[in-house]
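In this text, residue positions in the sequence shown follow this note's numbering: the first is 172, and each later residue adds one. Report on one structure; see the data block that follows.
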Amino acid sequence: MTLPIRPAVLASPDYPFNPIDAPVKLDQNESPQDFPADLKQLVLDELLNAQWHRYPDLHSDGLCAAIGAHEDWQADGIVVTTGSNVLIPLLTQLSGLGRRLLTVKPAFALYALGARLLDVELTEVALQADFSLDVAALTAELGRGAEPGVLFLSQPHAPTGNCAAAEDIAALVEAAPGWLVVIDEAYFHFAGRDFRAFARTRPNVVLLRTMSKAWGLAGLRLGYLLTSREVAANLKKLVPPFTTSVLQTVAARVALAHPDYMVERVQRTVRERERVFAALARHPSWITYPSQANFLLIRTPDAKAAHEHLLRHGVLLRRQDGLEGLEGCIRVTIGTPEENDLFLAAALVPVVPAEAGT
Ligand SMILES: *Cc1c(COP(=O)(O)O)cnc(C)c1O
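Okay, structure coming up:
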């Protein structure tokens, strides 16, 4: 019997993730520290008094106001969902379905995956050798054909960690008047740069944000975007009603009311990133790329061997060598100073024959 499932879904691979247990977990770009215990207690106190039998706000209006105050953004230009992962296919439905999705490669897997699952025409323009944007090729793609669509970029870029020149982003937005331009800013805290000032005057630009990384709330599932009133109002038609629970809403509001812990952790992560980067320069065969995010991309002679070697030392990181242009690459999340020391000790251990060194 033929399954009653669209061919595009049948043909699609699963999301590329393989859970492995290890003492030092540096594979998912999470915050290495849990949400502060005193803030957890505040969340629990509020939850005890919340009404669990009532539906939450239709579109988390109360939370949008808190986000607006924190981000200096109009509340009616904010859309909240259970993780920015959820917003990516919704944005593709909003502006790409039946049209086009343009992005770069290598990139965050979900942009292309969403296009394939929705049968949206997908174009992936390769980054240049130094991971900068190929503005000429992207501009040509933006102008090709009659139908526009949605352009997905990330800044800092994942999984390379670099930032594009702001002029390059501006040139692409100028070249794409009919397109929805999504800038995924999952890691902007670690770069000290964002595109709010730029997006404020451009109604077709969307800034995607998450509480999974800098805020240390990956387990809670909360993401949102900043855009124009018009784009937000239309996107809300595609967001399932009452989708964000009281648990997520309360936790996010408590976090936003206490941003100091997040700012401090970001500063420490940035310091640690530079320390780990400098230490890795001593590695005899690895090339580490400069990063503006909370992770480092490393090119090794053999990603599988590097991954296994580190796992034997209790350190889990993520292979990236399956992505075009990232042959031999692994990606390591910046952890606590202790975790980073364990990673460096394992990474820099000289490869000696088993019988030597006694
Ligand atoms: C981690 C990450 C996100 C965040 O996804 P959530 O669903 O909010 O956890 C979004 N984009 C990129 C590029 C990421 O790396």
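Cβ atoms here follow ideal geometry from the backbone N, Cα and C, with glycine treated the same way. As the structure is a computational prediction, the values presented were derived from the model and not from experiment.
By the Cβ neighbour-count rule, A311 is exposed, with fewer than 16 other Cβ atoms within 10 Å of its own.
Proximity of the beta carbon of F206 to ligand 1 is not indicated: no heavy atom of the ligand is located closer than 6 Å. The straight-line gap separating the alpha-carbon atoms of D205 and D355 is approximately 24 Å. Here DSSP, grouped into helix, strand and coil, assigns R364 to coil. Contact between the region 451-466 and the region 357-369 is established, with three or more Cβ pairs separated by less than 8 Å. Rounded to whole angstroms, the gap between the alpha carbons of R489 and A193 is 12 Å.
A distance below 7 Å separates the beta carbons of L289 and L268.
Taking the Cβ atoms as the reference, E443 lies roughly 6 Å from P508, within the contact range of under 8 Å. Its chain contains L262, T263, S266, G267, L272, W350, L351, V353 as the residues whose beta carbon lies nearer than 7 Å to that of V321, once the 5 sequence neighbours on both sides are disregarded; these appear in chain order. In this structure the region 226-237 does not lie against the region 385-392, because fewer than three pairs of beta carbons, one per stretch, are closer than 8 Å. Going by DSSP, L397 is part of the beta strand (DSSP E) stretching over 394-397.
If you check the C-beta of F279 against ligand 1, you find a heavy atom less than 6 Å away. Leaving aside the five residues that flank V275 on each side, the residues in its chain whose CB is nearer than 6 Å to its CB run, in chain order, V296, L298.
In the DSSP assignment, L409 falls outside any alpha helix (DSSP H), carrying neither H nor E. When the Cα atoms are used, V421 and T381 turn out to be separated by approximately 16 Å. DSSP, reduced to helix, strand and coil, places R502 within a strand of the structure shown.
Apart from the 5 residues on each side of it in sequence, G496 sits with its Cβ closer than 8 Å to the Cβ of K276, P277, A297, L298 in its chain, given in chain order.
Remark: the C-beta of T414 is outside contact range of ligand 1, defined as less than 6 Å to any heavy atom. For F369, the closest alpha carbon among the candidates S383, V344, A385, Y358 is that of V344. When secondary structure is reduced to three states using DSSP, F514 falls in the helix class.
Annotated three-state conformation of A193 is coil, per DSSP.
At least one heavy atom of ligand 1 falls within 6 Å of the beta-carbon of S255. Closest in C-alpha terms to P430, from the list S231, A240, N220, A179, comes A240. If one requires a minimum length of 3 residues, the beta strand (DSSP E) runs lying completely within the region 262-328 are 271-276, 292-297, 320-325, in chain order. Scanning its chain for C-beta atoms nearer than 6 Å, with the 5 sequence neighbours on each side dropped, one finds around V214 the residues V421, A422, V425, in chain order.
With a beta-carbon spacing of about 5 Å, R470 and G499 fall inside the 8 Å limit used to define contacts.
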